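Student:
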Amino acid sequence: MRHIISILLENESGALSRVAGLFSARAFNIESLTVAPTEDASLSRMTIVSIGSDDVIEQITKQLNKLIDVVKVVDLSEAPHIERELMLAKVRATGKDREEMKRVADIFRGRIIDVTESSYVIELTGNGAKLDAFLAAIDGSLVLETVRTGVCGVGRGDRILKA
Amino acid sequence: MQLTGAEIVIRCLQEEKVEFVFGYPGGSVLYIYDELFKQDQFKHVLVRHEQAAVHAADAYSRSSRKVGVCMVTSGPGVTNAVTGIATAYMDSSPLVVISGQVPTAYIGQDAFQEADTVGITRPCVKHNFLVKDVKDLAVTLKKAFYLAKSGRPGPVLVDIPKDITTHKCDFHYPKSISMRSYNPVVKGHSGQIKKAVQLLLEARRPMIYAGGGVILSDASDKLTQVTRMLGFPITQTLMGLGGYPATDGQFLGMLGMHGTYEANMAMQHCDVLLAVGARFDDRVIGNTAHFGEVARKIIHIDIDPSSISKRVKVDVPIVGNLPDVLDEIIKLLEAAAAKPDAKGLASWWKQIDEWRGKNSLRYTQGTDLIMPQYVIEKLYEVTGGDAFVTSDVGQHQMWAAQYYKFDKPRRWINSGGLGTMGFGLPAAMGVRFANPKATVACVTGEASIQMCIQELSTCKQYRLPIKIVNLNNRYLGMVRQWQQMFHGNRYSESYVDALPDFVKLAEAYGHVGIRVEKPADVEGALREAFVKHKNELVFLDILTDQTANVFPMVAAGKGLSEMILAEDL
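First to last, the protein sequences are chains B and U. The first sequence maps to residues 31 to 193 in our numbering. The second sequence maps to residues -17 to 551 in our numbering.
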């Protein structure tokens, strides 16, 4: 099962390596990992997507909680939540492809944020499946490069993760 | 008044009432050692290798319930210490390791004796810190002591760059500390504890399985009380020995890979299992699928939630400090109308006595070759069962655990988790510093002892009258045993050729050496060492039967009840 684990941790140097090190040391899987400071500058929020059985996810949660720098851990996928990922896709946009590329980007509610004579950079937000679908919808040979942030997520409604 | 970082380190250690710092000086800790020189509130113990400093501090802690402190220099000082730190981490020993670091401005530039200490030690410490500002130094050391001894204890490392030890600031040592990200649970969940007591009272084939957590949390009195109130059989892990008196009739001996027949059989076939401060590790449970073939309810009390349901799924998890939780259980048992199922218990004990009848630790001592088991039994007799016994790792460790009956906690000091050869001698030093009048024996083998043998020099410097019981079988015994049993008798690199003359070696270091070659001489030699040379270090080099193996044995990956007994071969 795929799980989205949200972690609040002290914004200290080395905190990221403690989390990443834990995953490799205990052979836990990481699909994606994102981290940035929060509105409280002393805290960072990290989102990890991992795939594992319930037992493994339980161990991951417990082991994360055991790290001294970790303030709180929550498995977002246990309850209703929203997840988003940002992708920047640089694509070739010449001739007839130029118009078609703009059209597909519009359909996926992407935005073109950089334009040259021969290329676009398209900004696209959504869950992972939507980003995959966009890449599937365009001609793969036109893709010059892509970069994705990995998933970040938040619980719906009253579910709040705060220190 | 403003103090330098070096002065602050010393003041913090004094505030923590540290008695001994085990360490080795070097470039980046020179200012700290300079301040250390100027004070006499605590003593520094100069080892001969940093690994030994950490082992000694570790055993000092294990035998005294105080936090062990060591100090090493940057780079190789730290990397030498890593084995010791990992040993302490695996056995949850509370340590504060202070390491020097190159000056702040040099960090990352591959400076002389620079190592990424925080990076290297990160996976084998409870937590570590790099101090970047002298103003953080005191509070960081306070946190280090607090983290080391609270919750599930463990080693904490504080890395201090050399320039920080010369910077000055006001000194204030906080009385207490709170960290929003660290709040270890103390009291167990009362609903879960009630459930546990109910299960215990309904059990027909109950079993208590206790581990090192009992020793670490000083829960042996409460554990003994609960066990006696219930009248249940109890077994202990290698790390738990001494947590319940081994000479008591309810004790079934150690369990696991080299556990007794009755302990392993009872563990496998019980219907309710009370696990106390233990972690169901591979050397204890063997094959978890095989263990799961028998239906049983498991209650697991531990301070560390991540130890619960890690390898074996449990029914009633209780996270809490063992003495507190056991105290609650005692109160509930006293108040309970129901009593343990007497009939069920009687037939369970009958079954256990049948298993006991196998006498799985039996061996025969002839007149020619010395059996290692016999040496441990004689050691037990000669020391009145009251010595602190440290060990290295291998066959001798298992024999010491099997045949020396520990009635008190903190008397058996060994590297159970990491299995570190070289632990025994420096550990014996730490024990002796913590217990300056105690009898301290180091049970070792001719291979293990050579991994930290340089400490014979430290023992001389501090006049430590440790008795080294070297079970010398001229083999890496446990490796040889596995090669005999599982690798077609191919003794690949397990023979230790060109051994030193240990008697002369001991004498060269200024100690007493005695060689023992005949069974009839064992007891006399032990008495000579422990009585006649009471105040000297004695190295007993005892030549034992080269073919002796440790039994019973649960082969790796096998189930607990699939034991190989001595008589099977």
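No residue lacks a Cβ here, since even glycine has one placed at the ideal position from N, Cα and C. Predicted model, so just to flag it, every value in this text is computed and none were measured.
What's the C-alpha gap between U/L487 and U/I496?
Tutor: Each residue's alpha carbon lies about 11 Å from the other.
Student: Just to confirm my understanding: we take U/Y473, look at its own chain, exclude 5 residues before and 5 after, and list those with CB closer than 7 Å. What are they?
Tutor: Cβ within range, chain order: R462, Q465.
Student: Please report the straight-line C-alpha distance between U/I89 and U/D200, rounded to a whole angstrom.
Tutor: Cα to Cα, U/I89 sits roughly 42 Å from U/D200.
Student: Where does U/Y243 sit, in a helix, a strand or coil, going by DSSP?
Tutor: Note: U/Y243 maps to helix in three-state DSSP.
Student: Report yes or no: is there a C-beta of chain B within less than 9 Å of the C-beta of U/L481?
Tutor: It does not; no Cβ of chain B falls within 9 Å.
Student: Do you know offhand how far U/P299's Cα is from U/R509's?
Tutor: So the two alpha carbons sit approximately 48 Å from each other.
Student: Ordered along the chain, which non-local residues of its own chain (more than five positions away) have a Cβ less than 6 Å from that of U/A63?
Tutor: Cβ neighbours of U/A63 beyond the five flanking positions: E32, V36, V54.
Student: Enumerated in chain order, which unbroken segments of the alpha helix (DSSP H) with a length of 4 residues or greater are wholly contained in the stretch 192 to 261 of chain U?
Tutor: Qualifying alpha helix (DSSP H) stretches, in chain order: 194 to 198, 202 to 212, 243 to 251.
Student: Given a cut-off of 9 Å on the beta-carbon distance, is the pair U/I(-10) and U/C151 in contact?
Tutor: Yes, these two residues count as a Cβ contact at 9 Å.
Student: Let me know if U/H469 comes out buried or exposed under the rule of 16 or more other beta-carbons within 10 Å of its beta-carbon.
Tutor: Exposed, because fewer than 16 other Cβ atoms sit within 10 Å of the Cβ of U/H469.
Student: Can you give the Cα-Cα distance for B/R189 and U/H154, rounded to whole angstroms?
Tutor: Their backbone Cα atoms lie some 41 Å apart in a straight line.
Student: Where do the ends of the alpha helix (DSSP H) carrying U/T426 lie?
Tutor: Taken as a continuous stretch (DSSP letters only), U/T426 belongs to no alpha helix (DSSP H), being part of the beta strand (DSSP E) at 422 to 427.
Student: Would you mind working out which of B/R48, B/L63, B/S62 sits nearest B/R56, comparing C-alpha positions?
Tutor: Of the listed residues, the one whose Cα sits closest to B/R56 is B/R48.
Student: Listing by chain order, which chain B residues have their CB less than 9 Å from the CB of U/R162?
Tutor: Neighbours of U/R162 on chain B, chain order: E40, V101, A193.
Student: Whose CA, out of U/V371, U/Q232, U/S10, lies closest to the CA of U/G59?
Tutor: That would be U/S10, whose Cα lies nearest to the Cα of U/G59.
Student: Check whether the Cβ of U/K419 lies closer than 8 Å to any heavy atom of the ligand GDP, and answer yes or no.
Tutor: In the structure shown, the ligand GDP is absent, as is every other ligand, since no ligand is present at all.
Student: Does the beta carbon of U/H282 come closer than 9 Å to any beta carbon on chain B?
Tutor: Not an interface residue.
Student: For U/Q436, which residues of its own chain have a beta-carbon under 8 Å away from its beta-carbon, when the five flanking residues on both sides are left out?
Tutor: These residues qualify, in order along the chain: R30, H31, A34.
Student: With burial defined as no fewer than 16 other Cβ atoms inside 10 Å of the residue's Cβ, what is the status of U/N246: buried or exposed?
Tutor: Its Cβ being crowded by 16 or more others within 10 Å, U/N246 is buried.
Student: Since U/L525 meets chain B, which of its residues come closer than 9 Å, beta carbon to beta carbon?
Tutor: Per Cβ cutoff of 9 Å: no residues; U/L525 is ~42 Å from chain B at best.
Student: State the start and end residues of the unbroken beta strand (DSSP E) segment that holds B/R75.
Tutor: Looking at the DSSP string, the run of the beta strand (DSSP E) that includes B/R75 is 73 to 81.
Student: Please classify B/T118: does DSSP put it in a helix, a strand, or coil?
Tutor: Going by the sequence as given, residue 118 of chain B is Leu instead of Thr. Strand at B/L118.
Student: Got a sec: which bits of the stretch 91 to 107 of chain U sit with their beta carbon under 8 Å from any beta carbon on chain B, in order along the chain?
Tutor: Listed by position along the chain: V100, G101, R104, P105.
Student: Taking the alpha carbon of B/L172 as the reference point, which residue from B/E130, B/C182, B/Q89, B/V184 has its own alpha carbon closest?
Tutor: B/L172 has its Cα closest to that of B/E130, out of B/E130, B/C182, B/Q89, B/V184.
Student: What's the call for U/M(-17), buried or exposed, on a 16-neighbour Cβ count within 10 Å?
Tutor: Exposed: under 16 other Cβ atoms inside 10 Å.
Student: From the DSSP secondary-structure annotation, give me the bridge partner or partners of U/P188.
Tutor: U/P188 pairs with U/V254.
Student: U/I352 bridges to which residues according to DSSP?
Tutor: In DSSP, U/I352 forms a bridge with U/T526.
Student: Is the CB-CB distance between U/Q95 and U/G133 below 9 Å?
Tutor: Contact: no.
Student: Does DSSP put U/M433 in a helix, a strand or coil?
Tutor: Reduced to three states, the DSSP call for U/M433 is helix.
Student: What does the alpha-carbon distance come out to for the pair U/G406 and U/E428?
Tutor: Each residue's alpha carbon lies about 12 Å from the other.
Student: Could you give the first and the last residue of the continuous alpha helix (DSSP H) run that contains U/H37?
Tutor: Run containing U/H37: 32 to 44, per the alpha helix (DSSP H) assignment.
Student: Three-state secondary structure (DSSP) at B/T91?
Tutor: B/T91: helix per DSSP, three-state reduction.
Student: Taking the continuous alpha helix (DSSP H) assigned at U/G506, which residues delimit it?
Tutor: 501 to 509 is the span of the alpha helix (DSSP H), which, as asked, contains U/G506.
Student: The alpha helix (DSSP H) that contains U/A271, what's its start and end?
Tutor: Per DSSP, U/A271 belongs to the alpha helix (DSSP H) from 270 to 273.
Student: Pick helix, strand or coil for B/Y150, following the three-state DSSP scheme.
Tutor: In this structure, B/Y150 counts as strand in the three-state DSSP scheme.
Student: What separation, rounded to the nearest whole angstrom, lies between the Cα atoms of U/V532 and B/S80?
Tutor: Distance between the alpha carbons of U/V532 and B/S80: 43 Å.
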